[in-house]
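So the structure is just underneath, and the comments pick up after that.
Protein chains: 4
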Amino acid sequence: MVVKFMDKKTIPNDTFGRTLQINLFGGSHTSEIGIEIRGLPSQLSIDKERIQHELNRRRPGQNNITTGRKEADLFQITSGLHLGKTTGEPLTITIPNIDTKSKDYSQFKTIPRPSHVDYPARLRYGDTIDLRGSGRFSGRMTAPLVAAGAIARQILHQQQIEIAAYASQIGNIHDPTEYTVSSIRQNVDSNLIRTVDAEFAHQMENLVKTVQKEKDSIGGVVSVRIEGFPAGLGDPWFHSLESDIAAAIMSIPGVRGIEFGTGFAAASMRGSDHNDPFVWQNGKITTKTNHCGGIIGGISIGTPITFQVAVKPTASIGKIQHTLNLETQSEVPLEIIGRHDPCIVPRIVVVLEAIVGLVLLDVLYSHS
Amino acid sequence: MVVKFMDKKTIPNDTFGRTLQINLFGGSHTSEIGIEIRGLPSQLSIDKERIQHELNRRRPGQNNITTGRKEADLFQITSGLHLGKTTGEPLTITIPNIDTKSKDYSQFKTIPRPSHVDYPARLRYGDTIDLRGSGRFSGRMTAPLVAAGAIARQILHQQQIEIAAYASQIGNIHDPTEYTVSSIRQNVDSNLIRTVDAEFAHQMENLVKTVQKEKDSIGGVVSVRIEGFPAGLGDPWFHSLESDIAAAIMSIPGVRGIEFGTGFAAASMRGSDHNDPFVWQNGKITTKTNHCGGIIGGISIGTPITFQVAVKPTASIGKIQHTLNLETQSEVPLEIIGRHDPCIVPRIVVVLEAIVGLVLLDVLYSHS
Amino acid sequence: MVVKFMDKKTIPNDTFGRTLQINLFGGSHTSEIGIEIRGLPSQLSIDKERIQHELNRRRPGQNNITTGRKEADLFQITSGLHLGKTTGEPLTITIPNIDTKSKDYSQFKTIPRPSHVDYPARLRYGDTIDLRGSGRFSGRMTAPLVAAGAIARQILHQQQIEIAAYASQIGNIHDPTEYTVSSIRQNVDSNLIRTVDAEFAHQMENLVKTVQKEKDSIGGVVSVRIEGFPAGLGDPWFHSLESDIAAAIMSIPGVRGIEFGTGFAAASMRGSDHNDPFVWQNGKITTKTNHCGGIIGGISIGTPITFQVAVKPTASIGKIQHTLNLETQSEVPLEIIGRHDPCIVPRIVVVLEAIVGLVLLDVLYSHS
Amino acid sequence: MVVKFMDKKTIPNDTFGRTLQINLFGGSHTSEIGIEIRGLPSQLSIDKERIQHELNRRRPGQNNITTGRKEADLFQITSGLHLGKTTGEPLTITIPNIDTKSKDYSQFKTIPRPSHVDYPARLRYGDTIDLRGSGRFSGRMTAPLVAAGAIARQILHQQQIEIAAYASQIGNIHDPTEYTVSSIRQNVDSNLIRTVDAEFAHQMENLVKTVQKEKDSIGGVVSVRIEGFPAGLGDPWFHSLESDIAAAIMSIPGVRGIEFGTGFAAASMRGSDHNDPFVWQNGKITTKTNHCGGIIGGISIGTPITFQVAVKPTASIGKIQHTLNLETQSEVPLEIIGRHDPCIVPRIVVVLEAIVGLVLLDVLYSHS
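Taken in sequence, the protein lines are chains A, B, C and D.
Residues in the first sequence are numbered from 96 upward in steps of one, following the numbering used here.
Residues in the second sequence are numbered from 96 upward in steps of one, following the numbering used here.
Residues in the third sequence are numbered from 96 upward in steps of one, following the numbering used here.
Residues in the fourth sequence are numbered from 96 upward in steps of one, following the numbering used here.
Spelled out as structure tokens, the structure:
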């Protein structure tokens, strides 16, 4: 082999969160995957059905535009919960991996799939890395994240903090409307795309199905909206709300960018237009516009927190591509067999809601 | 006062970095500001002139499109350096604050400036917060960041890792060309905007001066490019390279979004176009295209790391705006006196190069 | 109930280690207990038999002076190991809990056992805490620690770093000899007490059996010796070697004190006696005496690291004691039913070797 | 030079605390030394006189049994305090170094002083380390610790949490009495030793003066007592109260051991004697005895927290010793010139009170 995959000596801390802390464990084809959540207070009731509901929303095989892997995603809470209530100790959620095809993944060591982790993961961890089904890099790891997020969102919900996401763009079909959490919730699960407007849903579905027929994939944008988050939370500098949210969001495979409020469009605006004047409304301070996306100086101001997330087209496509044979150093054609999501946006919607829940609860606990 | 600014009890950890760790201290009008850098190895030579050079590039008052505050920004390294070499102990850099106008800032407590920290900072820290000159929220805090970044970049430079940024958009004037580090460096300091192309520089300068005359401000986009960063660094999930970089970038005041590689444009692309085929070039693996911006699965692949950063128009404008008087609950007109940067993009260019240097060195040390 | 057990809101980070990080999960009567180890490099071979060997040394029911709980302690590595080698990802070890008696523990809420966690654990976590079998406070949690420590010690062993511990005191029977790692290893498992000298073993065993017959318990001291740890590791101040070791050791239930080298006896010594003169031996720097226990200024000097650990007598005794009924506020007699270790020193020996292994490997990786 | 002092690549995180976090900076002969405290809430009044009072208690040159270095130890709070109140931002305290003798310390590189950091510090950080006056390893660094501790103790005091320490043993003169905080405070500053009983003070002073005349030094024990610390704070395992306290205490130069409550004496006790029966007293739960030193299962139980700390005799003695010349590899006689504390116990008393204050406030904030 011309390319040598060596080990790196130190593997740094990969915990997420300051007060509410999470760690993922397992991989695509290990016996189970899971998440450890530390920092949950004791005496909280946990609604397991809400967790399963969110897992079902994320689940593979839920319809014919998602991957065919069959996973019931029945989770277990193996510690930290007693008689339905949190104990205040680390809470561990595990989900078994059942449909782990015995397919040979070792070919991808020699012939790495384009825009896939086959090559960089080996560079990073060396030859011993378990890359069956993309191992720990697999989107499958978002299942425990979704379960943990469902717990966080239950707790936020009790404080009237609500998070909702939807597909606002698929390919070049873009719905520019800003929806409230309530409109998003009413509509997002009524279509395969997880968008809000029925007409846009129709167009987007058609696009995804066309792309799927062509053994190709397509990208999109997810819009996220948070209502009810208290004003005055977050910090300047390295734990600004935007920093904490962006770090979490950018950790989700397939995400390529994030913008808050008016985002990149602010680049062509003037201050006199972009500034959000403070106004008095229903006995509370708010702002006339919300170009800032609910955050100024890293701190929430009480208006809805809004951001948009760019999602790339799935790297795994059936269409013939070209890549490199690392042994022969020659370019080779590659046809990836198997069913893949032609567009991961609908499933990313569920994952983003979850991880944002974890971030916001961490911020809340960190400032209490 | 109708609005009550209370304290929050716990103020969480605001350290940045895992192995190379930084903390900022001081504020706009304290006697000095500074940064503490922990995790630097011993026995490194530090070139103080490079630090001063970068501080001068960021400095206020350097030309007539930056704020008029006069600061020589002469820094001191008060510990961690001995006979020109790092000792391996915490390295502390301090910069005195000299031009701290005794202007009255307390008015902004009652009449908060739109899109400014006057209101959220008090919500967060309560009445005792020192908000003279925006206190710790001030862009002035980027001076020690730039000094620290200059140290990090010296170390990276010894390993042929180079970072360069430039203004690729001001208002709606956009230069779509992708430049190499070397072309950026040759041109970026030859114009007030810190853009690369002379013709674009001319147009952008005119726009900024027009906006300035109108007592308004304008936003823009900064493009960042890193060459020479080794393949195989970064991690999946919470410390993906994108997460670490995004967290750092989103902590800089005025930044509203970040996108890696093709970024938001990937939303309308197909997988067959967006995937970057691996190819063999000059005895090394690389990719034909670089839509991924040099990062796959959170890990560097050895191609240039590229990302774009959205910068909002400066919130402080001379033009009359409307805001709220928190005592009377009535809307009031507001005219902010004093000279402000009509566009912070040229100075943000310098700051982003610095903070990216700190992030990359942290990643390097974390994986060594 | 007169005493109210409320919840505490924030539960802080309980991760141990800076580079090699561990977290425990589960409790005495949950379905499984486990440990997550983060920071292990990839490509290390793991000898599972060594792990099982150490688990067997710690195991309950191994002889008639340990608790009668029957646990095979067969462990599983559910992630982080692939084809016998570490992958560089989080390594998760789980051990099922089998012999979880359905005994009623709720009585101890009203009538807390003296010097037991029944009372403080509820004060800390509130009523929802799972205290069956003392829950997460149980000595049972040392099983995953021992498993993790066995991995750490394999890695240290490859660098000729060896750790050995033994009972140097039981009650007032004290063996003042300092033994080498090799003598400790040759003898420590040949007697129930895990002491070195056969004659002392005999006396100590007799004492433990006498105490056991009287339904009482007895304390002791464990001496720990580390050979081969490289000079020049550790830091001044908050991560001095002594700080890191002491923090780990003091986290083990039943430990009441730690002293390094000459320890408390140094209090009555003069500097001229206590100072360890540097001498040259076999081409290396060493010291004539080792009063410092191998550590100066928080940093290893290459001589054996030695410390002693005080272990209290087991709190669970069959003998009738007095305690409080929290409902009636009256003193009540208490007879604790069931078999308990009359002396936990022999099992603590195994646990201390394990946790010291984890600390030293963390130090090694942190300074690499 | 036969011995080569190389650098170590990674210098790990040396922050102390989870919620209230501190970092030290500077060294014995840098222009200033200081501490950064993060995690202090906003709106707290700080009494600067209390800080100076504690600094004066620790100060060198305060009497003829302390080192002759002349330092006024006038501190400055350079950020985090505004109009006498904390702002909630990082609080930075600096103390100038004035009396930095230009003496040549480089000789100690070749001829390391026994039981001093001359040798291990160079092994750890390499040749570039600034070891003038022992650099960052110097006891001088305890000055900013004492200042920070004085702030922590003011905050604890408002919640009726009081910490007091005293010398309970010097050489083999040992006062076995357990004193309350109030008796300690009444007496501790009335004698040079900082012990409680006048007769013991007299004996101990005589011993120290004798030792001083002989150009030697002597060790001792400091007893620490905390009253008013709320029950129910602390955690099992890695952040047990004992772990947090021990880690802090063991970071202070000269400390060789720590024991809680009955400590090492528990080794020879039976459970039936060592267990602390719960009793009802003045409407509160308490224990008849306090062998546990106020902590069970890592958690406070509301009784006084007590522990003892072993302090070694000062390594710097005037008496002729032997050490090694690293260049010639031969043993050489060494006479250390200059005045040194013949016994550091009286100054350690002040330092321990300070650092315990920082630990307890961190625990308090972490559980709020």
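All C-beta atoms in this analysis are idealised placements derived from N, C-alpha and C, irrespective of residue type, glycine included.
{"query": "Assumed close pair proline 399 of chain C, isoleucine 321 of chain C - CB separation to whole angstroms, cut-off 8 Å", "result": "6 Å"}
{"query": "Cβ-Cβ distance between threonine 290 of chain D and alanine 260 of chain D below 7 Å", "result": "no"}
{"query": "Span of the beta strand (DSSP E), counted from its first residue to its last, around glutamate 354 of chain A", "result": "350-355"}
{"query": "Cβ of isoleucine 190 of chain A within 7 Å of any chain C Cβ", "result": "no"}
{"query": "Classification of histidine 124 of chain C by the beta-carbon crowding that lies within 10 angstroms, buried from 16 upward", "result": "buried"}
{"query": "Length of the line joining the Cα atoms of glycine 315 of chain A and leucine 287 of chain A", "result": "14 Å"}
{"query": "Buried versus exposed call for threonine 305 of chain B [16 or more other C-beta atoms within 10 Å across all chains shown]", "result": "exposed"}
{"query": "Glutamate 166 of chain B: contacting residues in chain D (beta-carbon distance under 9 Å)", "result": "Going along chain D, no residue has its Cβ under 9 Å from glutamate 166 of chain B, so there is no contact; the nearest lies around 17 Å."}
{"query": "Limits of the beta strand (DSSP E) - the one that glutamate 337 of chain A falls within", "result": "Unbroken run through glutamate 337 of chain A is the alpha helix (DSSP H), 336-344; no beta strand (DSSP E)."}
{"query": "Start-to-end residues for the alpha helix (DSSP H) that takes in isoleucine 450 of chain B", "result": "440-461"}
{"query": "CB contact below 7 Å: valine 212 of chain A versus chain B", "result": "yes"}
{"query": "Residues, ordered as in the chain, of the region 214-226 of chain D that lie near chain B by beta-carbon distance below 8 Å", "result": "Arg219, Tyr220, Gly221, Asp222, Thr223, Ile224, Asp225"}
{"query": "Closer than 7 Å to chain A by CB, serine 174 of chain C", "result": "yes"}
{"query": "Closest by C-alpha distance to glycine 221 of chain C, when choosing among A:Gly393, A:Asn420, A:Trp375, A:Pro136", "result": "A:Pro136"}
{"query": "Where valine 404 of chain B falls, given that 16 or more other Cβ within 10 Å makes a residue buried", "result": "buried"}
{"query": "Beta-carbon separation (whole angstroms), glycine 122 of chain D vs aspartate 225 of chain D, contact threshold 8 Å", "result": "6 Å"}
{"query": "Contact with chain C by alanine 238 of chain D, beta-carbon distance below 7 Å", "result": "no"}
{"query": "Under 8 Å by beta carbon: chain F residues contacting phenylalanine 333 of chain A", "result": "Protein chains A, B, C and D are contained in the structure displayed, whereas chain F is not."}
{"query": "Chain A within 7 Å of arginine 231 of chain C, Cβ atoms only", "result": "yes"}
{"query": "Cutoff 6 Å; reference alanine 361 of chain D; Cβ partners in own chain excluding five residues on either side", "result": "His369"}
{"query": "Isoleucine 432 of chain C to glycine 413 of chain C span [Cα, whole Å]", "result": "6 Å"}
{"query": "Own chain, CB closer than 7 Å to glutamine 307 of chain D, minus 5 neighbours either side, in chain order", "result": "Ile160, Pro437"}
{"query": "Burial state of isoleucine 450 of chain D, where buried means 16 or more other Cβ atoms lie within 10 Å", "result": "buried"}
{"query": "Aspartate 194 of chain C classed as buried or exposed, judged by whether at least 16 other C-beta atoms fall within 10 angstroms", "result": "exposed"}
{"query": "Reference glycine 378 of chain B, options A:Leu419, A:Gly266, A:Ile246, closest by Cα", "result": "A:Leu419"}
{"query": "Which listed residue (D:Ser312, D:Thr110, D:Asp199) has its alpha carbon closest to that of glycine 366 of chain C", "result": "D:Ser312"}
{"query": "Beta-carbon separation (whole angstroms), isoleucine 347 of chain B vs valine 446 of chain B, contact threshold 8 Å", "result": "6 Å"}
{"query": "Length at least 3, wholly inside the region 145-220 of chain D: the beta strand (DSSP E) runs in chain order", "result": "171-174, 180-182, 186-191"}
{"query": "Identified DSSP bridge partners for histidine 417 of chain B", "result": "B:Pro428"}
{"query": "7 Å Cβ cutoff, glutamine 424 of chain A in contact with chain B", "result": "yes"}
{"query": "Chain A contacts from the region 124-135 of chain C (Cβ-Cβ distance under 8 Å)", "result": "Thr125, Ser126, Glu127, Ile128, Gly129, Glu131, Arg133, Gly134, Leu135"}
{"query": "Listed by chain order, chain A residues near lysine 143 of chain B by CB distance under 8 Å", "result": "Neighbours of lysine 143 of chain B on chain A: none; closest Cβ ~25 Å, over 8 Å."}
{"query": "Anticipated Cβ contact below 8 Å, serine 210 of chain B with aspartate 330 of chain A, distance rounded", "result": "Actually they do not touch by this definition, with Cβ atoms about 18 Å apart."}
{"query": "Range of the contiguous alpha helix (DSSP H) that encloses valine 98 of chain C", "result": "Element bounds for valine 98 of chain C: n/a, residue is neither H nor E."}
{"query": "Identity of the residue in A:Arg248, A:Leu336, A:Ile340 nearest isoleucine 390 of chain A by Cα", "result": "A:Leu336"}
{"query": "Residue range of the unbroken alpha helix (DSSP H) whose run includes glutamine 281 of chain C", "result": "276-282"}
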